[in-house]
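Numbering (our numbering), first residue to last: 330 to 908. Even glycine gets a Cβ: it sits at the ideal position worked out from N, Cα and C. What follows is a single structure, written as structure tokens, with notes after it.
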């Protein structure tokens, strides 16, 4: 590029696109963190940070020249640190370089989620370097660097293989790499029982997952439209407008399709699957966002929204491959599908628009050539890593968490990661309204514990009442207990588990067998206040008519000692009749 070809509008457009695509790294980090367990959150963040950092370095050293250094059919040139002359059109070379750097980093980071929670950190770094330095640049050169696929023709179609922004070059490559890595790595401990049945391992924060999806959706408005490489002509402006529209409509339709499909399939609209559905539509439209019209984008999104659920379940339940975030279904399957759709729905040469199959053949040759290259090379890479430095962490590291043993975060990624007590205060608590069908004795069972500690019994009847309740009912319970004379209590955060028989729950298509949920445990020791009054007050506060409203345990107390005064039993409880 020289002064005569420089265009400020094109340059600014590409810089803005690069910034948005870089921001997608944060989106991937949030999705992967939210869909996995808290004990590995720091590890996920480090992997997403470092694959971008290492990728930027090695893409500068060798990757960029392999991708854009000449128009050889298979590979560009070997030009260390990209010091040669490159044809970058109307934008400066380093702007062109940065835009392609963030695309390279996107392909690399897709693998992180599929191999989450059990991969050695150093092994992941080795993988990141290899895919960013060699594998991605070579296969991307075939289409975007003037290689053989860009010139491939069949029959009447002479326009070459089309992948406008990377359904295959970026996403399918990442998805296939994720599939190979997860297969060689093996599933997480506890993911499958001895009979091979898939067990749900829910992520720790759907909020983070949703934030990540919104960030990615936003970033895609740079990923796809900025791939026009310019915005200085009328034609480019019209093209960019179409790309914006098709990108958004495909994602929107895919999101709705996934929601409806999971609602019908599971009886409830699955949140995490629907989030995956948004990404599925974005991935599928990326190849053809410029080549198809909005009506075709809607069809592509519709199919992608259903396809992603089917593939995620198939990978998990039939192939027994553990992919915590659905990377294979979202990026691999939908990337392949979306690229083929260019040959089906393209306004020029599309099978359904012109009746010609020639462009579809070219698209099929392209996706399967890239897939074969990635399958062979990534299998070699992961097997070499496994045979040398090892791919998987130890059982101890996996059980305790990678944050602690891989990164030294002894207290976990969140120092204060504990559910907060209670809900919004409700000082004017109304009577509980029953909405279920079971009695209060079933919804809030009472158990009298008769086991004695061996301490000599006193002559004063004292009891400890222990109440387990849902977090959002704590304020109601506290108000109800105060109303019968309980002015103090011991309150503890606890985790409880249990599954109501006959009421199957699903997480990402897998049955949830046992799931720890945050609960509140309230303890009071009473003497003057009747135990029956405490029980009735608790039932009144907690009862909704549903199984799981709470549980009440009553223990006999042999002796109470007030440490400050040495008073015992009833005297120790005077003034404040609780423990």
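Between which two residues does the alpha helix (DSSP H) harbouring residue 309 extend?
-> Since the first residue of the chain shown is 330 and the last is 908, residue 309 is not available in this structure.
| task | Per DSSP, which residues does residue 897 bridge with? Please list them. | result | Here residue 897 refers to the residue found at position 568 of the chain shown. Looking at the DSSP assignment, residue 897 forms a beta bridge with 890.
request  = To the nearest angstrom, report how far apart residue 490 and residue 615 are at their CA atoms.
outcome  = Here residue 490 is taken as the residue at index 161 of the chain shown, counted from 1. Here residue 615 is taken as the residue at index 286 of the chain shown, counted from 1. Computed Cα separation, rounded: 14 Å.
Local Cβ density within 10 Å of residue 776, reported as buried at 16 or more and exposed below that
The sequence position of residue 776 within the chain shown is 447, counting from 1. Flag for residue 776 reads exposed.
| task | Ignore the nearest five residues each way along the sequence and tell me which others in residue 784's own chain have a CB closer than 8 Å to its CB. | result | What you label residue 784 is simply residue 455 of the chain shown in a count that begins at 1. Caution applies to residue 784, whose pLDDT of 42 falls short of 50 and renders its modelled position unreliable; the model cannot decide the point.
| field | Residue burial classification, residue 468 (beta-carbon count within 10 angstroms, cutoff 16) | value | By 1-based counting over the chain shown, the position of residue 468 is 139. Classification for residue 468: buried.
Alpha carbon to alpha carbon, how far is residue 422 from residue 675?
-> On the chain shown, position 93 is the one that residue 422 refers to. On the chain shown, position 346 is the one that residue 675 refers to. Each residue's alpha carbon lies about 31 Å from the other.
- Query: Helix or strand or just coil, what does DSSP make of residue 445?
  - Reply: Position 116 of the chain shown, counting from 1, holds the residue named residue 445. Three-state result, residue 445: coil.
- Item | N- and C-terminal bounds of the alpha helix (DSSP H) containing residue 810 | As a first step, residue 810 is located in the chain shown; it is residue number 481 there, counting from the start. First-last of the alpha helix (DSSP H) with residue 810: 803-812.
- Who are residue 313's beta bridge partners in DSSP? This structure cannot settle anything about residue 313, because the visible part of the chain is limited to 330 through 908.
> Using 8 Å as the threshold, is the segment 461-475 in touch with the segment 381-388, meaning 3 or more CB pairs across them?
Replying inline: yes
Checklist entry - So, helix, strand or coil for residue 554, using DSSP? => result As a working note, residue 554 is residue 225 in the chain shown. The answer is helix: DSSP assigns residue 554 an H, G or I state.
**Q.** Cβ-Cβ distance between residue 847 and residue 824 below 9 Å
**A.** As a working note, residue 847 is residue 518 in the chain shown. As a working note, residue 824 is residue 495 in the chain shown. Taking 9 Å as the Cβ cut-off, residue 847 and residue 824 qualify as a contacting pair.
- prompt: Touching or not, the segment 630-643 and the segment 574-587, by the rule of three or more beta carbon pairs under 8 Å?
  reply: yes
Considering only the alpha carbon of each residue, which of 651, 643 and 700 lies closest to residue 668? In the chain shown, residue 668 corresponds to position 339, counting from 1. Checked all of 651, 643 and 700; the closest Cα to residue 668 is 700.
Self-check item: For residue 626, the nearest candidate out of 821, 734 and 582 (CA to CA)
Solution: For the purposes of this step, residue 626 is taken as the residue at position 297 of the chain shown. Cα-wise, what sits closest to residue 626 is 582.
**OP:** Report all residues from its chain with a CB closer than 6 Å to the CB of residue 479; omit the five preceding and five following residues, and keep chain order.
**Re:** Here the question's residue 479 lines up with position 150 in the chain shown. The residues are 472 and 489.
Quiz item: Which of helix, strand or coil does DSSP assign to residue 578?
Solution: Translated into positions along the chain shown, residue 578 becomes position 249. Correct three-state label for residue 578: helix.
TODO: Mind reading off the beta-carbon distance from residue 664 to residue 800? Whole number of angstroms is fine, and I expect it under 8 Å.
DONE: Numbered from 1 along the chain shown, position 335 holds the residue referred to as residue 664. Numbered from 1 along the chain shown, position 471 holds the residue referred to as residue 800. Actually they are not in contact, since the Cβ atoms of residue 664 and residue 800 sit about 41 Å apart, beyond 8 Å.
For the segment 644-652 against the segment 597-617, are there 3 or more C-beta pairs whose distance is under 8 Å? no
- Would you mind stating whether residue 428 and residue 515 have Cβ atoms separated by less than 9 Å? On the chain shown, position 99 is the one that residue 428 refers to. On the chain shown, position 186 is the one that residue 515 refers to. Contact flag unset, no.
For this session: Have a look at 485, 561 and 891 and flag the residue whose alpha-carbon is nearest the alpha-carbon of residue 917.
Result: What the structure shows of the chain is the stretch from 330 to 908, and residue 917 is not part of that stretch, so it cannot be assessed.
**Asked** Just the Cα atoms here: how many angstroms apart are residue 713 and residue 456?
**Response** Looking up residue 713 in the chain shown gives position 384. Looking up residue 456 in the chain shown gives position 127. Those two C-alpha atoms are separated by around 10 Å.
Q) Which of helix, strand or coil does DSSP assign to residue 506? A) Position 177 of the chain shown holds residue 506. Note: residue 506 maps to helix in three-state DSSP.
*Where does the unbroken alpha helix (DSSP H) through residue 868 begin, and where does it stop?*
Here residue 868 is taken as the residue at index 539 of the chain shown, counted from 1. Note, residue 868: alpha helix (DSSP H), 860-871.
Item to complete: Following the continuous beta strand (DSSP E) through residue 846, name the residue where it begins and the one where it ends.
Response: Along the chain shown, one-based indexing puts residue 846 at 517. Taken as a continuous stretch (DSSP letters only), the beta strand (DSSP E) holding residue 846 covers 846-855.
Under a three-way DSSP split, which group does residue 722 fall into? Residue mapping note: residue 722 aligns to position 393 of the chain shown, counting from 1. Residue state, collapsed to three classes: coil.
| Of the listed residues 575, 556 and 607, nearest to residue 545 (C-alpha basis) | Residue mapping note: residue 545 aligns to position 216 of the chain shown, counting from 1. Nearest C-alpha to residue 545: 607.
task = State the DSSP-derived secondary structure class of residue 399, mapped to helix, strand or coil.
result = Position 70 of the chain shown, counted from the start, is the residue given in the question as residue 399. DSSP places residue 399 in coil when its eight states are reduced to three.
Note to self: Taking DSSP's pairing of strands, which residues face residue 819 in a bridge?
What the structure shows: Within the chain shown, the letter at position 490 stands for residue 819. Bridge partners of residue 819: 852.
message: Please state the DSSP three-state secondary structure of residue 426.
response: Working through the chain shown from its first residue, we reach residue 426 at position 97. Three-state DSSP puts residue 426 in a helix.
Could you compute how far the alpha carbon of residue 868 sits from the alpha carbon of residue 879?
Taking the first residue of the chain shown as position 1, residue 868 is located at position 539. Taking the first residue of the chain shown as position 1, residue 879 is located at position 550. Each residue's Cα considered, the two are about 8 Å apart.
**Prompt:** Roughly how many angstroms separate the alpha carbons of residue 551 and residue 816, rounded to a whole number?
**Reply:** Residue 551 sits at position 222 when you count from the first residue of the chain shown. Residue 816 sits at position 487 when you count from the first residue of the chain shown. Each residue's alpha carbon lies about 59 Å from the other.
Less than 9 Å separating the beta-carbons of residue 630 and residue 613? Here the question's residue 630 lines up with position 301 in the chain shown. Here the question's residue 613 lines up with position 284 in the chain shown. Against a cut-off of 9 Å, the Cβ pair of residue 613 and residue 630 comes out as a contact.
Since I believe residue 340 is in contact with residue 431 (beta carbons under 8 Å), could you give me their beta-carbon distance rounded to a whole number of angstroms? As a position in the chain shown, residue 431 is number 102, starting the count at 1. As a position in the chain shown, residue 340 is number 11, starting the count at 1. With a Cβ gap of about 16 Å, residue 431 and residue 340 do not count as contacting.
Where residue 363 falls: helix, strand or coil (DSSP): Here residue 363 is taken as the residue at index 34 of the chain shown, counted from 1. It is helical.
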